[in-house]
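This report refers to the structure that appears directly beneath it.
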Amino acid sequence: MTDDRVLWITGASAGIGAATARRAAASGWRLVLAARSLDKLTALADELGGPDRAIAVECDVTSWDDQQAALTITLEHFGRLDAAWANAGHGGARGFLAETPEFWRGMVLTNVYGAALTIRAAIPALRDSRGHLLLTGSVAGRRNIPGSLYSATKHAVHAMAESVRQELDGSGVRVTVIAPGITDTGFFTQVPLDAPLQPDDIARAVLYALEQPPHVDINEILVRPTAQEL
Ligand SMILES: NC(=O)c1ccc[n+]([C@@H]2O[C@H](COP(=O)([O-])OP(=O)(O)OC[C@H]3O[C@@H](n4cnc5c(N)ncnc54)[C@H](OP(=O)(O)O)[C@@H]3O)[C@@H](O)[C@H]2O)c1
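The following block contains the structure:
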């Protein structure tokens with residue numbers, strides 16, 4: 732058994748999470764890949780070297796049982812947790828008359844409650860490892876977007892990051908919010924920009940935060956495409 736550090740990523744089956752898993756694996760991290768699509772996670776875990784290096788864990792982040800189970804599996808399999816990244820999330824159409832109330836419920840539960848549950852599940856193990864907690868916010872969590880409940884969920888994520896940073900101050904645990912601009916992923920049915928970010932652009936930002944020495948806490952990284960005005 733190696734002592735390579737262990738990173739748990741929610742929303743690892745696609746987009747930014749999957750790209751970061753690949754880059755982290757190349758940097759020597761062992762991975763716990765969590766999302767609802769077990770088939771995609773299993774293929775990615777195989778690609779990254781199989782059970783010694785990466786495991787797939789089916790986890791709906793809106794379920795506390797699933798999140799607790801993911802943490803239990805992590806500790807049973809790898810014996811440690813060094814970083815946890817609450818990255819799972821999705822958007823929705825703009826407009827307070829758009830989407831259905833049930834869609835809204837799912838988005839708020841995933842983006843806000845799901846992120847809070849990941850924090851809750853990870854804190855004890857991160858205290859033990861003096862580890863690193865990361866959350867995926869957004870440019871939409873830093874500025875208001877007309878008619879966007881999604882934007883409000885990401886403001887909540889940024890607020891949670893600062894709240895938990897203060898709670899964990901002195902514990903050795905670092906807290907980073909990653910705030911992407913428009914990135915070419917399954918988040919969009921049609922990407923609204925000619926030259927968006929690519930998932931690996933965000934992956935490099937995540938690795939920058941993860942690879943700092945223990946006394947350096949990168950609290951927030953906001954990354955826009957060069958041509959994203961707002
Ligand atoms: N793309 C952008 O422009 C952009 C900009 C700013 C912020 N973000 C944020 O970046 C994060 C990643 O999104 P992405 O752009 O990489 O989009 P994506 O390609 O659609 O990936 C979303 C990921 O979240 C997972 N997910 C969604 N609901 C889940 C749930 N209930 N439980 C567990 N996993 C769930 C999906 O996996 P399953 O469907 O397999 O569960 C998938 O792995 C999100 O928080 C998003 O809000 C994206």
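Numbering (this note's numbering), first residue to last: 732 to 961.
Positions of the beta carbon are idealized from the N, C-alpha and C atoms, including for glycine.
Three-state secondary structure (DSSP) of residue i
i: residue 904; result: coil
i: residue 745; result: coil
i: residue 911; result: strand
i: residue 830; result: coil
i: residue 928; result: strand
i: residue 761; result: strand
i: residue 922; result: coil
i: residue 961; result: coil
i: residue 937; result: helix
i: residue 692; result: Because the chain in this structure spans residues 732 to 961, residue 692 falls outside the shown range and cannot be described.
i: residue 876; result: coil
i: residue 942; result: coil
i: residue 836; result: helix
i: residue 889; result: helix
Residues bridged to residue i (per DSSP)
i: residue 816; result: 740 and 865
i: residue 766; result: 789
i: residue 952; result: 909
Cβ separation of residue i and residue j, assumed to be a contact under 8 Å, to the nearest whole Å
i: residue 949; j: residue 928; result: Between residue 928 and residue 949 the Cβ distance is about 18 Å, and since that is not below 8 Å, they are no contact.
i: residue 741; j: residue 800; result: So it is not a contact: roughly 13 Å between Cβ atoms.
i: residue 811; j: residue 763; result: Rounded, the Cβ-Cβ distance is 11 Å, inconsistent with contact.
i: residue 791; j: residue 825; result: About 25 Å; that fails the 8 Å criterion.
Given 8 Å as the limit, is there contact between the region 896 to 914 and the region 862 to 869, that is, 3 or more CB pairs closer than that?
yes
Using 8 Å as the threshold, is the region 770 to 777 in touch with the region 843 to 858, meaning 3 or more CB pairs across them?
no
Under 8 Å, with one C-beta from each stretch per pair, do the region 746 to 765 and the region 877 to 886 reach the 3-pair mark?
In short, these stretches do not touch, since the Cβ pair count stays below three.
Are at least three pairs of beta-carbons, each pair with one atom in the region 917 to 937 and one in the region 895 to 904, less than 8 Å apart?
no
Does the contact criterion of 3 or more C-beta pairs under 8 Å hold for the region 818 to 832 versus the region 776 to 786?
no
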